[in-house]
Every structure is written in structure tokens, then in C-alpha cells.
Amino acid sequence: MVKKGKKTADLKEKKGISPKKPEYGAKQIQVLEGLAPVRKRPGMYIGGTGLEGLHHLIWEVVDNSIDEAMAGHCDSIEIELLPENRVRVSDNGRGIPVEKHAQTKKSTLETVLTVLHAGGKFGGEGYKVSGGLHGVGISVVNALSSCLTVEVKRDGKIWRQEYKTGKAKANVKSIGKTKETGTQVTFEPDSEIFAEIKFDWDKIISRMRQQAYLTKGVKIKTIDSREDGKKKSYAFYFDGGVISYVKHLNRGKEIKNKIPFYVEKEKDDVLTEIAMQYNDGYKEHIFAFANNIHTMDGGTHLVGFRSALTRTFNSFSRKKGLLKEKDENLTGDDIMEGLTAVINIKLKDPQFEGQTKGKLGNANVKSIVAGVMATALEDYLEENPSDAKEILGKCILTAKARMAARAARDTIIRKGALEGMTLPGKLADCSDRKSENCEIYIVEGDSAGGSAKQGRDRSFQAILPLRGKILNVERARLDRMLSSNEIKTLVIAMGTSVGESFDISKLRYNRIIIMTDADVDGAHIRTLLLTLFYRYFEQLITEGHIYIAQPPLFRIQAGKEFKYVFTEEEKEDVIREFRIKLDQRKMKGEKEKAKDKNKTEEEVDKEDGEAEMKGITIQRYKGLGEMNPTQLWETTMNPETRIMKKVLIKDAEEADRVFDTLMGNEVEPRKKFIQTHAKRVKNLDV
Ligand code: 0RA
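The numbering of the sequence shown is my numbering, which starts it at 8 and goes up by one.
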């Protein structure tokens, strides 16, 4: 074997993996069965034959290269989308062995590509992405490809073999010499298996970015060389591994601890890698992985992490006198606010549990992760006193706010102010009592509120005018929010109460519609309201109760005809349309006259232009208050004609970033955001 040299040793050391592993050769491979069942029931192996399943083929091949990287033998992986639906994955690992396999009597390479390995396990060596839904084996990719070519650089030679729907066309052949090692797999998914073969560049990139974060020191390059697209490529390499990941998740946010916490340690055959950093937001972002697989539903590694975090923070705070004897302990929730953490553990035999296999089950992992975490965190806090103060200060403040909120809520609830018994006087309620028929318009300002009250259909539409300043409670806590009269009014009108006593079944209106002016202030107020809903009434968003009204920007009139328009582009279109109509009218009438009076064509054209300007009137609505009640009904409130935008939480992570930009302490990014986005309010996805 060539090149079992320096690269390997260096990589092993860098990754902290002990090099005591057994040599991996041909004999460890356990032979099970051929590929016929894969083509018969592809869904069983790759989850389905839609686009997810299609991309699964790429993940499968790349996972094998990542396994090679995790074992410390590979530091570069390349994925290339080629013409005619082919995909090529190359790595500089050891290369799949080519020598004769003891059980199959064929080359190991052919065995790996043509024999199904149950569970994808080759033996006990190394940490493998293989596990859970993944790791069905590269042979599955072969089975589901119309053509596949594998090239291995190993033992000083380049070896090659081709397959058709999983069957070798000929034996493995040496086609040249090389000093390098590595594996290259080129495959074309079989169109008889996959209804649609269309690779999604963004999906591939985001997966590769994530894999690069989780496998530090490995360069992953993705190239698009399909005939239709322009050639483009994207390479990821993160020296910091999960530290880089945490920094990426916190981008644009105000950071609490400048130096992120980081630990990487192997203990009892489990490699624990954790990075964390606090931002001054409220949400937690904890991403847990086992062998590079995102464990959506957590599991023992997450439990171990949380318990060590809570325990260590409490003991350290007491030791340093930040928490006094009489103070309550910090709770898990106090500690999670504003925490961004990535937990990535690697283990030999991962057990994935639950419906979606998204939960790590290995019991021993809990105490291993907790132990590694507690020791490293204690050291971190001792060694970084100013960051420790920032973090613990924030947690203690959260705890205080929690207690204050509890007290405030208790008094409010005791007084019955939130029980909805007394609806606020400012609310113009509707007459229908069935909540599924009803909607409430939250309107900015009293004058617009007046128009809306007169214009509405009072049987099912309620109006609640709010003062513009209402929510000037930036960065306010639940307790302060609740003490704002405007918010109290809103909460009482909605009927759901808030916090622990929130009850969506008490919601009095099926649709809650935010109706603000189409200007910067309106955008600000809308964002504040959305933030309120997002942070304290998230279920109202996820269950589709929150809407944004779309009042028109202009009313354009030519003669007796008029139109309301909602965007600048639409305005140009309507003006053009009206101009053509006016032109046609004038062509008939005025040009006749012009000829009579012996005017030149030019003079006539000039007059026409002026007449047009006179003929078209454009009224810009700066605020809702400028519309009369009938206009407001016609354009914005009549269910038959109005346009509304349903507020969705498409991507909670992105939404949180937007809100933090808007609500955070930093004024500049906030201003910039509102200015750039005020115009395309329609697209304000939350
Ligand atoms: C079996 C055994 C060894 C490596 C591999 C498979 C291997 C598979 C893939 C798939 C894509 N890239 C890959 N790189 C390696 C170990 C070989 C040894 O002991 O030298």
C-alpha cells in the first residue's frame, strides 16, 4: 500500500482520534445479499423515489467519504453535477480496497458496490455517518443507477469498474499508475426508478455546508457543471468546526461571550464536540448531531449537555457569589434564553429511536457528555471571567424577569383583568359570537380606526384601534409588555390570555389582521406587533391566524374609470393602460381637429402629452386615514376583493434574525432593514 503515510497520521492527531484502530481490510466485510430487493422496493432503502430519495443517493455516497474523513484518512471531498444527470463524488481517502474478497471471491471493490450490507456496517472500525436512516451502503446507489463508474486510486494504481443497474459490466481493471489515493464514484440515477431527476443546487449546498461544519478540517467543494446552468462552484472548509457553525448561527446578533465555549474530547469511545455562544435574544438554538446526523428530537447527548450546563452554572454562580443563599437556582429555561449551541458527538454504534429516528438513544452517552461538558465548562468560566460574567449576568436577569413576570401575571390574573370579562371600550366588537366567522382588525391610530369602524361589516368584523406608540417597549420583557395598556387591551380582545395561561381555544377571532399605513412607521408598528405575536403568541402564527392587510398605495383615475394599485410596478402598468385608452380616444377626436387648424404633427403630440397628464389623476395614499370608509372597505376589508398576506413561520431561525435586527439594541441595522424592506411589505415573511 502506498501512502499510508504522513497525511493519515497528521489527520488522526488533529482530529483527536486515537490511532489504535484495527487495520481495515477485505475480511471485515460481512456479506449478506444481492441488490435485487433494492430495485424492487427502493423506498425501503432511500425513503422514497421522489426528489428526497433522489438526493439521498448523493448523501449516501458523500457520507461514505465523510466516514473516511472522520476516520482521519481524507481531507478533501468534491461533488460535481455533470451533464445528463450524472453526479460525481470524489475524495482523497484510502480508496476502496481492490484485493480479492475472501467470501465473495471477487474484488472487494465489486463486493462493496454490488452486495447489500444490512445496516451498512462494515465492522467495528471508526465512527460512521452510517446509521439510522443513512448508511444503507453505496451498493444501494449502484442498484438505483442506470450507469455507475467507480475509480479507485490505491496501491500505486488507478482501478476502474463500470456497472449497469447495479451489475458489473466487467472485472476491475487497472487503467494507470498514481501515487495518490482516493475514491471517485460517478453515477446516473435510473429514470425508471425516479420519476423526476432534477438536482436542487441550494439543497445540496446547504447540506454540504452543514457537513463541512461538522467535519472540521475537511474541504468540501461542490461544482455545477450541468449543461444548462452556468458553471459555478462553492467550497466549504471550517477549521473551527462547530465553533464556526455557532458563529454562523449568531451572525448579525449581539454576542454576549466574545470567546465561544468549545470542547472536543474523546472518552470511552465517544467523541464529544460542543461549541456555544450566547446572544442577547430570547430564543434558544441548540442543534444536536450524532455522527453528523441531525437528531431532531434530541436524545441522550442533549440531556447530558443540558444537565451539565444547569448544574455548572448554578454551582459556579454560588461559588462566585453571583447567586446568594436566599436566591432560587437558575432553571433550565433561564439558561437556554439566547443560547446558540452545536453538539456533535461521534460514537461507534449509534441507536436512533422514535418515529422519525431523530432521537439518540444510547444510554451511556448522557453521562459521558455531561462529564466532558461540566469539566470543560468549569475551566472555561474560570479562565474567561468577563465572558462568564456576561453569560451568568444574562441568565440571572432572565431568572429575575421570570419571577417578576410570574408576580405580575399573578396579580393581573387575580384582578381578572385578563379574563376577558370586561372587553375594552376602544374595541368595536362584531355581533357574531362564533369565533370561526369573526375577524379583528388591529388598526394604527384613531383616525384610521374611525374609517375602519364606519367601513366594516359589523356582523363579523371587529376593530381595535391602537395608538402608534403602543409598543415602544423595545426589548421589553413579558412583565413590562403586560403592563402596557395597549397590549393588555389587545390580549383581552383576543381572549386567549398570555404566558402559562395562554389558551388558543379561547381565541375570539379566527383572523387577526394587522392594518397599518404603507409607510416606514407603519412597517415599524407592524414589525413590533409581529414580534409580540412571534415571541408570546407563536401558536397564533403557526396555526395561521395572523394576517397583514394590504391597503392600496395609489388610486389612479382616467375619466370615469379608476383603479386601486398596490405596488409601484402595478402603478406603471395601469398608467400605461390608461394612456393607451386616452390616446385612442384622442386619435379619434383631436387629431381630426388639428388637421383642420393646420397644426404640425409635433405640436399635436405635445398637446396630447399634456392632455394625458391632465386626463390621469394619481392619488397616493400616505395613510389609511386618507381613505374614506367606503374606499377602505372596497380596497382592504371586503373579503371578496381584498388582498391579505397570511403570516407564516417559514423559517423560525431566519425570522428570529429579522426580529432581532429590528428589535435589537443596534439602531443602524434596524434602520437599514426597515428602509430596504418597507417597500416590499408584501414579502415580509415572518
Ligand atoms: C471499505 C474499506 C476501507 C475504505 C472504504 C471502504 C472506503 C469507501 C468509500 C466510499 C467512498 N469513499 C470511500 N473511501 C473508502 C478501508 C480501506 C483500508 O483499510 O485501507
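For each residue, glycine too, the CB sits at the ideal point set by N, CA and C.
Quantities reported herein were computed from a predicted structural model and do not represent experimental measurements.
- Judged by DSSP in its simplified three-state form, cysteine 402 adopts helix.
- Between threonine 190 and isoleucine 103, the CB-CB gap stays under 8 Å.
- In the three-state DSSP reduction, alanine 315 falls in the helix class (H, G or I).
- Taking lysine 513 as reference, the option from Gly79, Thr538 and Lys441 with the minimal CA-CA separation is Lys441.
- Measuring C-alpha to C-alpha distances from aspartate 162 to each of Ala177, Cys154, Asn149 and Ser181 identifies Ser181 as the nearest.
- At a Cβ-Cβ threshold of 8 Å, threonine 642 and tyrosine 554 do not count as neighbours.
- For glutamate 117, the uninterrupted alpha helix (DSSP H) run begins and ends at 115-121, by DSSP.
- By the Cβ test, the stretch 315-325 is not in contact with the stretch 250-268, since fewer than three Cβ pairs between them sit closer than 8 Å.
- At a threshold of 7 Å, glycine 102 counts as near ligand 1, since its beta carbon sits closer than that to one of the ligand's heavy atoms.
- Under the DSSP assignment, glycine 339 falls in the alpha helix (DSSP H) whose first and last residues are 339-343.
- Counting C-beta pairs closer than 8 Å gives fewer than three between the stretch 376-387 and the stretch 242-251, which falls short of the contact rule.
- Within the DSSP secondary-structure output, isoleucine 281 pairs in a beta bridge with Val270 and Ile350.
- Of all C-beta pairs linking the stretch 349-357 to the stretch 280-289, three or more are shorter than 8 Å, placing the two stretches in contact.
- Between ligand 1 and the CB of threonine 503, the shortest heavy atom gap is not smaller than 7 Å.
- Residue pairing by DSSP places methionine 651 opposite Ala556 in a beta bridge.
- Here the C-alpha atom of serine 458 lies approximately 7 Å from the C-alpha atom of methionine 634.
- A distance below 8 Å separates the beta carbons of leucine 631 and methionine 522.
- Sixteen is the threshold: since fewer than 16 other Cβ atoms of the shown chains lie within 10 Å of the Cβ of arginine 627, the residue is exposed.
- Going by C-alpha positions, threonine 111 is about 31 Å away from serine 83.
- Selection Gln557, Glu234 and Gln218 evaluated against tyrosine 448 yields Gln557 as nearest (Cα-Cα).
- Put simply, the backbone Cα of phenylalanine 509 is about 11 Å away from that of isoleucine 499.
- Looking at Pro267, Ser438 and Glu344, the one whose alpha-carbon comes closest to that of alanine 383 is Pro267.
- Secondary structure note for histidine 292: it is in no alpha helix (DSSP H), and the uninterrupted beta strand (DSSP E) holding it is 292-297.
- When secondary structure is reduced to three states using DSSP, valine 527 falls in the helix class.
- Cβ-Cβ separation between glutamine 218 and isoleucine 73: approximately 6 Å, consistent with a contact (criterion under 8 Å).
- With contacts defined as CB atoms closer than 8 Å, glutamate 397 and asparagine 286 fail to qualify as a contacting pair.
- Counted as a single uninterrupted DSSP element, the stretch harbouring isoleucine 73 is not any beta strand (DSSP E) but the alpha helix (DSSP H) occupying residues 58-77.
- Within the same chain, and ignoring the five residues on either side of serine 114 in sequence, the residues whose Cβ sits closer than 6 Å to its Cβ are Val105 and Val179.
- Threonine 229 is positioned such that its CB atom lies no closer than 8 Å to that of isoleucine 200.
- The three-state reading of DSSP puts methionine 634 in coil, since its state is none of H, G, I, E or B.
- Annotated as distal: valine 157 and leucine 123, with beta-carbon spacing of 8 Å or more.
- About 11 Å separates the beta carbon of proline 559 from that of phenylalanine 569, a gap too long to meet the 8 Å contact definition.
- Apart from the 5 residues on each side of it in sequence, arginine 518 sits with its Cβ closer than 6 Å to the Cβ of Glu446 and Tyr554 in its chain, given in chain order.
- Rounded to whole angstroms, phenylalanine 194 and lysine 184 show a C-alpha spacing of 23 Å.
- Residue range 575-595 is occupied by the alpha helix (DSSP H) that includes aspartate 590.
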